Amino acid sequence: MTGYQTSTPADPIPAADRVRLYGPEFQKDPAALYARIRRQYGGVVPVLLDGDIPAWLLTGYREIHQVCQDSQLFARDTRRWNQWGNVPDDWPLLPYVMHNPSVMFTEAAEHRRRAGAIGDALSAVDQFDLGAHCERIADRLIDEFAGTGEADLIAQFAQQAPLLALAKMYGMPDSEAPALVRDVALSLDVGPEALPAYGRVQEAMARLVAVKHQQPGADVPTSMMQDPANLTDDEVVQDLLVVTAAAQQPTANWIGNTIRLMLTDSRFAMTLSGGRGSVGQALNEVLWHDTPTQNFIGRFATRDTVLSGVRVRQGDLVVLGLAAGNADPHARPDAASGALGNHAHMSFGHGEHGCPYPAPEVAEVIARTTVEVLLDRLPDLELAVPAENLVWRPSVWMRGLESLPVVFTPVHVAGPGVW
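Convert by adding 1 to the 1-based position in the sequence shown; the result is the number in the numbering used here.
Put into structure tokens, the structure is as follows:
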């Protein structure tokens, strides 16, 4: 790895004084752990990543806001990291930090150029048309299990809907979507399949760009290729990969976590005549309490500085603790009363490297529409197991269920629908 750092400085904090940001404690009850370490350390926590690589975890809302706002002091280019000398070739978090020429790791004017092209392309998406297409997607997915009276709403519904919607936005053939769903999910996971899967997704995006040169259309890739930012084909491919990853797993988890909430919380489980809370309210509450992206790698200090009374060295990695920040009692003193109407969460990031407008709106159209169609089609939907038996995926980074088994009254489906 070449870049800004020429040596790996010794860690001034003993490993025993750092919190391990991995293991069963984070998987069992991360919210309680975030609260405990915030009380112990404050908003900036010394942590160890997999392999005992040192970093800082931000658990305070104010600290996350400050770091995201100051892109000059806390930059995105991972080549600034001062720990590359300690990172093995098979490090499980390598997909999160391995530098590539995408918008994710650009800075300053170059980042604004690239992010602006993405924003322009997403702004051109007709959200009413997208919503109608998401209704058809949801109907088709539901048709495949409606007659059985049971389903796993993660594998059979939430994991598939976002990327099928994205395939429409990309002008891709539906036949390519299943493989893309599989590979994007694998590429975002921590495991040996992540890098090979990422390579396959990259190849799929390269093929798509080549096709769009010959057959341009009213779609996101064509818009990016024709944008005044004058992106190269490689830049379009890399940035489509970013959009794909951001649209798939976080939105799938958002859908799954929202369905779980509405099936387990009495405010949402009541009948409509009894005043059930809306899907929109549930979606927003999930962003506060079970945000799809718990922690995000990250930012890198461009010089020695002090953050909330803690000395941070040049090149130190700062992990954005989005879930912890959303639960910070200093930001939400009324947390016990719920999050209805409060959209000041950090779930989409903040500042120059936050989720570019209108990406959150597009994601909400996909999530809201698919959940609403599900509840309309299967109004007596209920969990097939006790709520306490639901298992969260063992990830410090993403917040989503392994499965969401449900039962309902079987519904006769006349025949195959159309996308």
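Idealized CB from N, CA, C, for every residue including glycine.
Note that the coordinates shown come from a computational prediction; the quantities given were computed from them, not determined experimentally.
{"Item": "Contact check, residue 249 vs residue 164, beta carbons under 7 Å", "Value": "yes"}
{"Item": "For residue 301, the residue or residues it bridges with in DSSP", "Value": "76, 318"}
{"Item": "DSSP state of residue 143 mapped onto helix, strand, coil", "Value": "helix"}
{"Item": "Beta-carbon spacing of residue 225, residue 122 below 7 Å", "Value": "yes"}
{"Item": "Element boundaries [beta strand (DSSP E), containing residue 90]", "Value": "Residue 90 -> no beta strand (DSSP E), and no H or E assigned at all."}
{"Item": "Option nearest residue 1 by Cα separation, candidates 27, 38, 58", "Value": "An answer regarding residue 1 cannot be provided, because it is not within the stretch 2 to 420 covered by the chain."}
{"Item": "Local conformation of residue 294 per DSSP, three classes", "Value": "strand"}
{"Item": "Check whether residue 181 and residue 198 have beta carbons under 7 Å apart", "Value": "no"}
{"Item": "For residue 315 and residue 253, believed in contact at Cβ under 8 Å, the rounded distance", "Value": "Residue 253 to residue 315, Cβ: 37 Å. No contact."}
{"Item": "Spatially closest choice to residue 49 from 27, 381, 140, by CA coordinates", "Value": "27"}
{"Item": "Rounded straight-line distance, which links the Cα of residue 45 to that of residue 65", "Value": "9 Å"}
{"Item": "Test item: CB-CB of residue 207 and residue 118 under 7 Å", "Value": "no"}
{"Item": "Three-way DSSP call (helix, strand, coil) for residue 152 in this model", "Value": "strand"}
{"Item": "Segment contact, 8 Å Cβ cut-off, at least three pairs: the region 77 to 88 with the region 363 to 379", "Value": "no"}
{"Item": "The region 323 to 330 / the region 288 to 296 touching (three or more Cβ pairs under 8 Å)", "Value": "yes"}
{"Item": "Three-way DSSP call (helix, strand, coil) for residue 209 in this model", "Value": "helix"}
{"Item": "Any non-hydrogen atom of the ligand SAH closer than 6 Å to residue 149 Cβ", "Value": "Of the ligands one can find in the structure shown there are none, so the ligand SAH has no counterpart to examine."}
{"Item": "For residue 287, three-class secondary structure by DSSP", "Value": "helix"}
{"Item": "Short Cβ contact (7 Å threshold) for residue 62 with residue 332", "Value": "yes"}
{"Item": "Selected residue, minimal CA-CA separation from residue 203, among 192, 215, 188", "Value": "188"}
{"Item": "Proximal residues to residue 350 (C-beta, below 8 Å), its chain only, five neighbours per side dropped", "Value": "69, 297, 321, 323, 356"}
{"Item": "Opening and closing residue of the beta strand (DSSP E) in which residue 407 lies", "Value": "406 to 408"}
{"Item": "Local conformation of residue 397 per DSSP, three classes", "Value": "coil"}
{"Item": "Buried versus exposed call for residue 1 [16 or more other C-beta atoms within 10 Å across all chains shown]", "Value": "Because the chain is modelled from 2 through 420, residue 1 falls outside the range shown and cannot be assessed."}
{"Item": "Inside the region 20 to 45 only - beta strand (DSSP E) runs reaching at least 3 residues", "Value": "none"}
{"Item": "Other residues of its chain near residue 414: CB distance less than 8 Å, five sequence neighbours each side excluded", "Value": "144, 147, 148"}
{"Item": "Own chain partners of residue 360 with C-beta closer than 6 Å, once the 5 adjacent residues on each side are dropped", "Value": "123"}
{"Item": "Candidates 60, 23, 56: closest to residue 37 by CA position", "Value": "60"}
{"Item": "Boundaries of the alpha helix (DSSP H) in which residue 374 is found, first to last residue", "Value": "360 to 378"}
{"Item": "Endpoints, beta strand (DSSP E) assigned at residue 57", "Value": "54 to 59"}
{"Item": "Residues that DSSP places opposite residue 312 in a beta bridge", "Value": "307"}
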